[in-house]
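There are 4 protein chains.
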Amino acid sequence: MRDAKKSREKIIQNAIELFSKEGYHKTSLDDIAKKSNINKAMIFYYYKSKAGLYEEVMSKTLSDIYSTIKEAIKNSSRAKDNLKIFIETYAKYCIKYSYLPPLLLRELSSNGQNLPFEMRNKMYQLFLLLDSILKDGQKRGEFRENISIVIHFMITGTLNLFIVSKPLREDAKEFDSSFPSATEYSIEEICSYIYKTILKTLEV
Amino acid sequence: MRDAKKSREKIIQNAIELFSKEGYHKTSLDDIAKKSNINKAMIFYYYKSKAGLYEEVMSKTLSDIYSTIKEAIKNSSRAKDNLKIFIETYAKYCIKYSYLPPLLLRELSSNGQNLPFEMRNKMYQLFLLLDSILKDGQKRGEFRENISIVIHFMITGTLNLFIVSKPLREDAKEFDSSFPSATEYSIEEICSYIYKTILKTLEV
Amino acid sequence: MRDAKKSREKIIQNAIELFSKEGYHKTSLDDIAKKSNINKAMIFYYYKSKAGLYEEVMSKTLSDIYSTIKEAIKNSSRAKDNLKIFIETYAKYCIKYSYLPPLLLRELSSNGQNLPFEMRNKMYQLFLLLDSILKDGQKRGEFRENISIVIHFMITGTLNLFIVSKPLREDAKEFDSSFPSATEYSIEEICSYIYKTILKTLEV
Amino acid sequence: MRDAKKSREKIIQNAIELFSKEGYHKTSLDDIAKKSNINKAMIFYYYKSKAGLYEEVMSKTLSDIYSTIKEAIKNSSRAKDNLKIFIETYAKYCIKYSYLPPLLLRELSSNGQNLPFEMRNKMYQLFLLLDSILKDGQKRGEFRENISIVIHFMITGTLNLFIVSKPLREDAKEFDSSFPSATEYSIEEICSYIYKTILKTLEV
DNA sequence: CATGAATGAGAGTTCATTCAT
DNA sequence: AATGAATGAACTCTCATTCAT
Numbered sequence: 015m016r017d018a019k020k021s022r023e024k025i026i027q028n029a030i031e032l033f034s035k036e037g038y039h040k041t042s043l044d045d046i047a048k049k050s051n052i053n054k055a056m057i058f059y060y061y062k063s064k065a066g067l068y069e070e071v072m073s074k075t076l077s078d079i080y081s082t083i084k085e086a087i088k089n090s091s092r093a094k095d096n097l098k099i100f101i102e103t104y105a106k107y108c109i110k111y112s113y114l115p116p117l118l119l120r121e122l123s124s125n126g127q128n129l130p131f132e133m134r135n136k137m138y139q140l141f142l143l144l145d146s147i148l149k150d151g152q153k154r155g156e157f158r159e160n161i162s163i164v165i166h167f168m169i170t171g172t173l174n175l176f177i178v179s180k181p182l183r184e185d186a187k188e189f190d191s192s193f194p195s196a197t198e199y200s201i202e203e204i205c206s207y208i209y210k211t212i213l214k215t216l217e218v
Numbered sequence: 015m016r017d018a019k020k021s022r023e024k025i026i027q028n029a030i031e032l033f034s035k036e037g038y039h040k041t042s043l044d045d046i047a048k049k050s051n052i053n054k055a056m057i058f059y060y061y062k063s064k065a066g067l068y069e070e071v072m073s074k075t076l077s078d079i080y081s082t083i084k085e086a087i088k089n090s091s092r093a094k095d096n097l098k099i100f101i102e103t104y105a106k107y108c109i110k111y112s113y114l115p116p117l118l119l120r121e122l123s124s125n126g127q128n129l130p131f132e133m134r135n136k137m138y139q140l141f142l143l144l145d146s147i148l149k150d151g152q153k154r155g156e157f158r159e160n161i162s163i164v165i166h167f168m169i170t171g172t173l174n175l176f177i178v179s180k181p182l183r184e185d186a187k188e189f190d191s192s193f194p195s196a197t198e199y200s201i202e203e204i205c206s207y208i209y210k211t212i213l214k215t216l217e218v
Numbered sequence: 015m016r017d018a019k020k021s022r023e024k025i026i027q028n029a030i031e032l033f034s035k036e037g038y039h040k041t042s043l044d045d046i047a048k049k050s051n052i053n054k055a056m057i058f059y060y061y062k063s064k065a066g067l068y069e070e071v072m073s074k075t076l077s078d079i080y081s082t083i084k085e086a087i088k089n090s091s092r093a094k095d096n097l098k099i100f101i102e103t104y105a106k107y108c109i110k111y112s113y114l115p116p117l118l119l120r121e122l123s124s125n126g127q128n129l130p131f132e133m134r135n136k137m138y139q140l141f142l143l144l145d146s147i148l149k150d151g152q153k154r155g156e157f158r159e160n161i162s163i164v165i166h167f168m169i170t171g172t173l174n175l176f177i178v179s180k181p182l183r184e185d186a187k188e189f190d191s192s193f194p195s196a197t198e199y200s201i202e203e204i205c206s207y208i209y210k211t212i213l214k215t216l217e218v
Numbered sequence: 015m016r017d018a019k020k021s022r023e024k025i026i027q028n029a030i031e032l033f034s035k036e037g038y039h040k041t042s043l044d045d046i047a048k049k050s051n052i053n054k055a056m057i058f059y060y061y062k063s064k065a066g067l068y069e070e071v072m073s074k075t076l077s078d079i080y081s082t083i084k085e086a087i088k089n090s091s092r093a094k095d096n097l098k099i100f101i102e103t104y105a106k107y108c109i110k111y112s113y114l115p116p117l118l119l120r121e122l123s124s125n126g127q128n129l130p131f132e133m134r135n136k137m138y139q140l141f142l143l144l145d146s147i148l149k150d151g152q153k154r155g156e157f158r159e160n161i162s163i164v165i166h167f168m169i170t171g172t173l174n175l176f177i178v179s180k181p182l183r184e185d186a187k188e189f190d191s192s193f194p195s196a197t198e199y200s201i202e203e204i205c206s207y208i209y210k211t212i213l214k215t216l217e218v
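Going line by line, the protein sequences match chains A, B, C and D.
Residues are numbered in the numbering used here as their position in the first sequence, beginning at 1, plus a constant of 14.
Residues are numbered in the numbering used here as their position in the second sequence, beginning at 1, plus a constant of 14.
Residues are numbered in the numbering used here as their position in the third sequence, beginning at 1, plus a constant of 14.
Residues are numbered in the numbering used here as their position in the fourth sequence, beginning at 1, plus a constant of 14.
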C-alpha cells in the first residue's frame, strides 16, 4: 500500500504533539509509535533516528511559520504595518500551533546543541525577516536607528513566554485570586500592547 | 575528606552547571557524581532523589535572585529608578549565573509540569516584585496604566533569550559575517535599551 | 532464534524455578535472564515488570492445579472418594511442581501484600472446591458438620510443610540418626494418614 | 552510658516487628535503625551483619516458645492433656507474637538455606517435644502408633496457615460475604477442633 | 559507644536502535 | 513496506556494609 505518506504524516503529527507536550527526552519513540498506530521500526525506516525525526518536525514547523509571515507581509506597504503584521502573524501562529513556543524555548535554552543546521538557519531567516522590515522602515524615514535583535527578542520572547506560562498563571490565580493581569488579556490585546511599545521606541 | 557541607555544595554546584548546560533529562546522576568526585549514592543520601536535587538547585537559585533584587531596590526612591534596578539586577544575575536563563526557559516551556511548588512560588514572587514597582509608579503619578505581566515578560523574555541565544548568534556570525546587531552590544547596552523602551511606554 | 513462544516459556520456566528456590526478592531479573539465555529487557517486553512476571507464574501454576483437581473429581461419586482425590491430587501436584509449596507458603506469610488479585482469587477457588466436597458430603449424610477452612488448612498446611521441610529433615537425620519418622514415609503414606485422620473427624 | 542492653533490645524488638511484617529482604537496616531511633552502624557493632541480627531474632523467639511449652507441660500427667497443652500453648504463642507464623513459614519455604544452625536446631527441639509427648502416650497405652512428624505438621501447619491467612480471609469476605467459615471461629475453637481431630486418630 | 559520611555492588526499568522474517 | 523480537547501554534508586571522627 502506498500509505507511506500518510504514515509519515501521522508520525510527524504525533511527534509534534508529544515533543511539545513532554519535551524531547521524555517522549519515547514507543509513545510516538503507539499513538500513531505504527510500528516503531518504521520511524527508523523513515527518519533514520530519533534526532532525525526531531529535525524533520522542527524544520517543517519553522518553514511554515516563515513562509506564512513572508506571504502576509508581501502586500503591505508601510513599515509600521509590516511590523504589526509580523507580530500578529507570529502570535497567531504560536496560538494555532501551540507546540511551537515550548519547542523554540527549549531549543534555545539548550544552547542549540541538538539543533540541526537547517533549523538554526530557519530561525535565523525569521530574524532576518524582521531585520529587513526594520531596515526598510529606517530607509523610508519611518523608524529611527535601533537594535533589531533586541526588538526581535522583545517580540518573540514576550509572546512565547506569555503563551507558555498560561497554565502557570492560571494555577497562580487559584491560589492568589488577585493575581494581577494574569488571565484577563486576550492575545490580541497583548499583541497590540507589544506593538505600541515597540512603535514608540522606533518612531522618529 | 569527610565534610558534609563541602560534599553537598560540590553536588549542588555541579548539578547547577550540568542541569543548565544539558537540561534535566540529559544530565545523569552519574555525570553529576563523577564531576563532583563523589559517590553517586550520596546524592540520594542528601537529596532523596534526582527531582529532590533539582528542586534544591532551583530553589536556591531563585531565592538568591529574589533577595538580591529586593535588597538592591530597598534604598531607591523613584519608580523609574526601581525599574532600572530591577532590569539591571536581573540581567547582572543572569550573566553571573549563566545557568539560570536556560533553566527558567526550560521550566516554563514544560508547562511547569515538573515544577515543584516552591519554585513556582518563587517565580511568582519575582513577578510580584516588579508588579509592586509598577503599581508604586502609578500611585506616584510617574507611570500610566499598564499590563504588568507583559512588562515582566518583556524584560525577562528579552534578557533570557538574549543571553541564551548567544552561542547561536556567534555561530551565525561565522556563516554570515554581516549578521546584524548580533554580538556587538554589551549587556549594559541591552539593558539600557530595554529600559528606555519600557519607560517610553510607561511614562505619562 | 526468534521465537516468541519459546522465549516466553523459557522465561516462565526459569522464573518458576528461581522464584521457588530463592524466593521473590532474592531472585533477580538478571538471574532469570541469564539462566534463560535471554536479554533482560525481554522480560519487560513480555511481562511489563518483575511483579507482572511473578503474577504470570503464579497464575499459571494455580490454574493448572485447580483444573487438574476439578477434572479428577468430576467422575467420582462418594464424598469420601472426592476428599481422597482432593488430597492425593493436591499432593501429587505439589510433588510434581515442587516450587509450588514454598511459593504458596511464602505468599501467605507475607499477608498477601504482594499477592495480585487473580492469584488470591485462584487460591480462594481451590478452597471453595474442597468446601463444596464437604458440603456435598453433609447433604448425602456421609459427613457431619465441620469447619471447612480448618480441614483445608489441615490438608494443605500439612502437605506443604511436609514437602517443604524435606531438606531440613534430611539434614537433621545426619546429626541425629534416630530422627523419628523423618524420612521413611512416602508421600502416599502421608496422604493416606492425612485422609484417614480427617475422615475420622468427618464421618458420622 | 550503659544503654547497650536497651539499645540491643530495641533493635531486636523492632527487627522482629519489621521482619515479620515485611519479610527479610524487604526490611532494610535503615528501617530498623530509624524505627529504633538508633544509628544504623550500631546494628553492625552489635550483630555483625543483617544475617546476624536475623539469627538473633529467630533464636530468641524460638527459645521462648520452646521453654514456654516445656514449662507448661511439666506439671501435667496424661498424654492427651499434654497434647492439648502443646497445641494451645503453641497457638497462644503464635497469637501473642504474631510475627512468628510468617517467619516460620518463610524460613521453611526457603529450604532452610538462610537458616542458621541454632535456629534449625531449636525447631527440631520443638518437634522432639511433641514426639516425646506422643511416645509417652504410646507407652502409657493412651495412644496408638502414629506418624509424629505428620501430627506435628498438622498442628503447626494448620495453626500457622490459619493465623497467617487471616487478612486474606477477611478480604475474601468483603467480596464474597458468604465466605464459608472464614472468620467466625475463635482461635480457641480452632485449637479444640484440631485437638479433637488428632485425638481421634491417636486414641486407641 | 556512637554518629554521619561514604562506598560499591546491584536492583528494576527504560529506550533508542537493530535484526530476522 | 512492515512487524515483532532482540539487544545493550544507560538510568534512577536501594542497601548492606565500612570508615573517620
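The beta-carbon is built from N, C-alpha and C at its ideal position, and this holds for glycine as well.
Source: prediction; values computed, not measured.
Buried or exposed by the 16-neighbour rule on C-beta atoms within 10 Å, applied to residue i
i: alanine 18(C); result: exposed
i: lysine 98(C); result: buried
i: aspartate 44(D); result: exposed
i: asparagine 53(A); result: exposed
i: tyrosine 68(B); result: buried
i: asparagine 160(C); result: buried
i: glutamate 156(A); result: buried
i: tyrosine 59(D); result: exposed
i: alanine 65(D); result: exposed
i: alanine 186(A); result: buried
i: aspartate 190(B); result: exposed
i: methionine 15(D); result: Low confidence applies to methionine 15(D): its pLDDT is 47, below 50, so where it sits in the model is not reliable enough to give any reading.
Continuous alpha helix (DSSP H) stretch holding residue i: start and end
i: glutamate 198(B); result: Counting along the chain, glutamate 198(B) falls outside any alpha helix (DSSP H), and DSSP gives it neither H nor E.
i: valine 178(D); result: 162 to 178
i: serine 42(B); result: Element bounds for serine 42(B): n/a, residue is neither H nor E.
i: glutamate 36(B); result: 18 to 36
i: isoleucine 57(B); result: 54 to 61
CB-CB length for residue i against residue j, believed under 8 Å
i: proline 115(B); j: asparagine 174(B); result: 4 Å
i: methionine 168(C); j: threonine 172(D); result: 5 Å
i: leucine 119(A); j: leucine 117(B); result: With 8 Å as the limit, leucine 119(A) and leucine 117(B) do not qualify as a contact, their Cβ atoms being about 12 Å apart.
i: tyrosine 111(D); j: isoleucine 83(D); result: Tyrosine 111(D) to isoleucine 83(D), Cβ: 13 Å. No contact.
i: proline 194(C); j: aspartate 145(D); result: 5 Å
i: isoleucine 177(A); j: tyrosine 113(A); result: That pair is no contact at about 11 Å.
Distance, residue j Cα to residue i Cα
i: serine 88(D); j: lysine 74(D); result: Checking the displayed sequence, the identity of residue 88(D) turns out to be lysine instead of serine. Cα to Cα, the separation comes out at about 21 Å.
i: glutamate 70(B); j: glutamate 121(B); result: 14 Å
i: lysine 20(C); j: isoleucine 109(D); result: 47 Å
i: leucine 148(D); j: glutamate 217(D); result: 11 Å
i: leucine 143(D); j: isoleucine 204(D); result: 21 Å
i: serine 200(A); j: tyrosine 207(B); result: 27 Å
i: leucine 32(D); j: serine 179(A); result: 47 Å
i: glutamate 36(A); j: isoleucine 101(A); result: 27 Å
i: leucine 140(A); j: serine 34(A); result: 20 Å
i: serine 123(D); j: threonine 215(C); result: 29 Å
i: serine 50(C); j: threonine 41(B); result: 34 Å
i: isoleucine 25(A); j: tyrosine 61(D); result: 60 Å
i: histidine 39(C); j: serine 63(A); result: 38 Å
i: arginine 183(D); j: glutamate 85(C); result: 26 Å
i: lysine 94(A); j: leucine 213(A); result: 7 Å
i: phenylalanine 131(D); j: methionine 72(D); result: 11 Å
i: isoleucine 163(C); j: threonine 170(C); result: 10 Å
Residue i: CB within 7 Å of a non-hydrogen atom of the ligand PLP
i: isoleucine 26(C); result: Judged by which ligands are present, the structure shown has none, so any question about the ligand PLP falls away.
Mind listing, in chain order, the continuous alpha helix (DSSP H) runs of no fewer than 4 residues lying wholly within the segment 65 to 132 of chain B? Taking only runs of at least 4 residues, the alpha helix (DSSP H) segments lying wholly in the segment 65 to 132 of chain B are 93 to 110, 114 to 123.
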